[in-house]
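Trainee: Take this structure, written in structure tokens, and hold onto it; I'll ask about it next.
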Amino acid sequence: MSVLPAAGAAAVRLLSPEQLARDLAVRDLTDPAAGPHALQLVVERAVAALAARWDCPVRVHRGERVVSVADNYDHLNYRADDVTRDARYTRYVDGRRMLRSHSSALVPGALRALAAEGAGAPERVLLVCPGLVYRRDSIDRLHSGTPHQLDLWYLTRGPVPAGPEDLTGMIAALAGALLPGAGYRTEERVHPYTLAGRQLDVAAGGDDGAWVEVAECGLAHPGVLAGAGLGPEWSGLALGMGLDRVLMLLKGVPDIRLLRSADPAVTAQLTDLAPYRPVSALPAVRRDLSVAVDGADLAEDLGDRVRDALGADADCVESVEILSATPCRDLPPQALARLGARPDQHNLLVKVILRPLERTLTDADANLLRDRVHAALHQGTVHQWASTPAGQPQ
């Protein structure tokens, strides 16, 4: 059984009971039991396309949000020292359990269930693992700390193994079903649970010619199949997809936060796959922060700290962007003093865009949010506040 990296639980930040309860309370938009949502239609369309292609039965495996570290990493061939195991990217519950960081964490259980059927298992089967996952991610219009993913694994038993041509056909079938007419490309990638791995990018359709990553795939790694109890006669294809991005591209939704909007004018549009009709955007408020941090933090690190600090108010933040990073040792003495920074820290200039989806911010509201973000990010000893709540130092 896999345990925490490095020195174990004592060296890794674990989720508090309050944080765990908050995270588990987030609605999984792919789950019909929680109510209808367009993401479920994306799943249905993808599954129908592949099930028809191979004329095979479908097995849906949802599982729990809290999974073993072993299923999230070890049973998918992740190395013991893989950087993704770091607590900066993983929400650990305790020494052996975590909130799943990708829908692939559901696959080992689905493979074990298939292996348990023995000779009674179908010759071909499509394993479907959809659900909410938990990531330490940046804050912008494409990223969320609780995105939705879909793993689709096609398994076949027999003398002719699944090969690269089958993978190419799988990619074409999905792209045609989910984003008809959109351009797409694949690039070689290495994944621990696949061989001949690829990344699937789709043309975003804008004037800038941008490509958006929507999936990663490859031949199912024989070691992963064997570890689940499937014999060498089994082979397959493995694909993991970002559902939020596919839905945004399909409908033309400009901001990932809209997928959870409570605005009736928005929610009414999230029960089908028809093009999104823009709802009047509220004005944005920009606040620039100069903060000292202990390490060379990335946008993902800042995003996670902002989400933790703001809680339910995190949806007021449209984006957090690092504009520049400077070693504090290169700053003049007066700048170090103003930040209360140490020479071994880094000074980040951060742009924060505040724009709630359902209300307009007053200057006072924006300043209070700005100060909460500042308090969450700044690790110097001197704070510069935009407002002065009762009892808060200047």
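First residue of the sequence shown? That's 31 in our numbering, and the numbers climb one at a time after it. C-beta: ideal position from N, C-alpha, C; glycine also. For clarity, every value in this text was computed on a predicted model and none was experimentally measured.
(1) Just to check my reading of the structure: residue 241 and residue 185 have Cβ atoms closer than 8 Å, yes? What is that Cβ distance to the nearest angstrom?
(2) Alpha carbon to alpha carbon, how far is residue 203 from residue 404?
(3) Helix, strand or coil: which one does DSSP assign to residue 102?
(4) Once you ignore the five residues that flank residue 255 on each side, which residues in its own chain have a CB closer than 6 Å to its CB?
(5) Which stretch, first to last residue, makes up the alpha helix (DSSP H) that contains residue 399?
(6) Looking only at DSSP bridge pairs, what is residue 296 linked to?
(7) Take residue 334 as the anchor and find which of 344, 261, 326 has the nearest alpha-carbon.
(8) Look up residue 321 in the DSSP assignment and give the residues it is bridged to.
(9) Using the beta-carbon count (16 or more within 10 Å), is residue 10 buried or exposed?
(10) Given that a residue counts as buried once 16 or more other Cβ atoms are within 10 Å of its Cβ, and exposed if not, what is residue 131?
(11) Which residues in the same chain have their Cβ closer than 8 Å to the Cβ of residue 295, if we skip the five residues on either side of it in sequence?
(12) Specify the secondary structure class of residue 270 as computed by DSSP and reduced to three states.
(13) So, helix, strand or coil for residue 218, using DSSP?
(14) Does the distance from the CB of residue 178 to the CB of residue 59 come in under 7 Å?
(15) Here's the rule: buried if 16 or more other CB atoms are within 10 angstroms of the residue's CB, otherwise exposed. What is residue 364?
(16) When the distance is taken between beta carbons, is residue 223 closer than 7 Å to residue 107?
(17) Quick check on the DSSP output: the beta strand (DSSP E) that includes residue 161 runs from which residue to which?
(18) Distance check for residue 176 and residue 306, CA to CA, integer angstroms please.
(19) With DSSP as the reference, please indicate the residues paired to residue 122 in a beta bridge.
(20) Go to residue 229, then tell me how far its alpha helix (DSSP H) extends in each direction, as first and last residue.
(21) Can you tell me which residues form a DSSP beta bridge with residue 357?
Mentor: For this structure:
(1) In the sequence shown, counting from the first residue as 1, residue 241 sits at position 211. In the sequence shown, counting from the first residue as 1, residue 185 sits at position 155. Not quite, the Cβ-Cβ distance comes to about 30 Å (not below 8 Å), so this is no contact.
(2) Taking the sequence shown and counting its residues from 1, one reaches residue 203 at position 173. Taking the sequence shown and counting its residues from 1, one reaches residue 404 at position 374. Between the alpha carbons of residue 203 and residue 404 lies a gap of roughly 47 Å.
(3) Here residue 102 corresponds to residue number 72 of the sequence shown, with the count starting at 1. Helix at residue 102.
(4) For this step, residue 255 is matched to residue 225 along the sequence shown. Take residue 255, set aside five residues on each side of it, and the residues of its chain with a beta-carbon closer than 6 Å to its own are 264, in chain order.
(5) Residue numbering aside, residue 399 sits at position 369 when the sequence shown is read from its first letter. Counting along the chain, the alpha helix (DSSP H) containing residue 399 begins and ends at 393 to 407.
(6) Counting from 1 along the sequence shown, the entry for residue 296 is found at position 266. In the DSSP assignment, no residue is bridged to residue 296.
(7) Position 304 of the sequence shown, counted from the first residue, corresponds to residue 334. Residue 344 is the option with its Cα nearest to residue 334.
(8) Here residue 321 is taken as the residue at index 291 of the sequence shown, counted from 1. Under the DSSP definition of a beta bridge, residue 321 partners with 378.
(9) Residue 10 cannot be examined here, being either before or after the span of the chain that is shown, 31 to 424.
(10) Position 101 of the sequence shown holds residue 131. Looking at its Cβ environment, which holds 16 or more other Cβ atoms inside 10 Å, residue 131 is buried.
(11) Walking along the sequence shown from the start, residue 295 turns up at place 265. The residues are 309.
(12) Here residue 270 corresponds to residue number 240 of the sequence shown, with the count starting at 1. Note: residue 270 maps to strand in three-state DSSP.
(13) Here residue 218 refers to the residue found at position 188 when the sequence shown is read from its first residue. Three-state result, residue 218: strand.
(14) If you number the sequence shown from 1, residue 178 lands on position 148. If you number the sequence shown from 1, residue 59 lands on position 29. Contact: yes.
(15) Along the sequence shown, read from residue 1 onward, the residue named residue 364 stands at position 334. Looking at its Cβ environment, which holds fewer than 16 other Cβ atoms inside 10 Å, residue 364 is exposed.
(16) As a working mapping, residue 107 is identified with position 77 in the sequence shown. As a working mapping, residue 223 is identified with position 193 in the sequence shown. Their beta carbons are under 7 Å apart, which means residue 107 touches residue 223 by this criterion.
(17) On the sequence shown, residue 161 is found 131 positions in, with the first residue counted as 1. Residues 154 to 162.
(18) Locating residue 306 in the sequence shown gives position 276, where the first residue counts as 1. Locating residue 176 in the sequence shown gives position 146, where the first residue counts as 1. The alpha-carbon atoms of residue 306 and residue 176 are separated by roughly 22 Å.
(19) Position 92 of the sequence shown, counting from 1, holds the residue named residue 122. Looking at the DSSP assignment, residue 122 forms a beta bridge with 44, 128.
(20) Against the sequence shown, residue 229 aligns to sequence position 199. Run containing residue 229: none in the alpha helix (DSSP H); it sits in the beta strand (DSSP E), 224 to 233.
(21) Position 327 of the sequence shown holds residue 357. DSSP output for residue 357 lists 376 as bridge partner(s).
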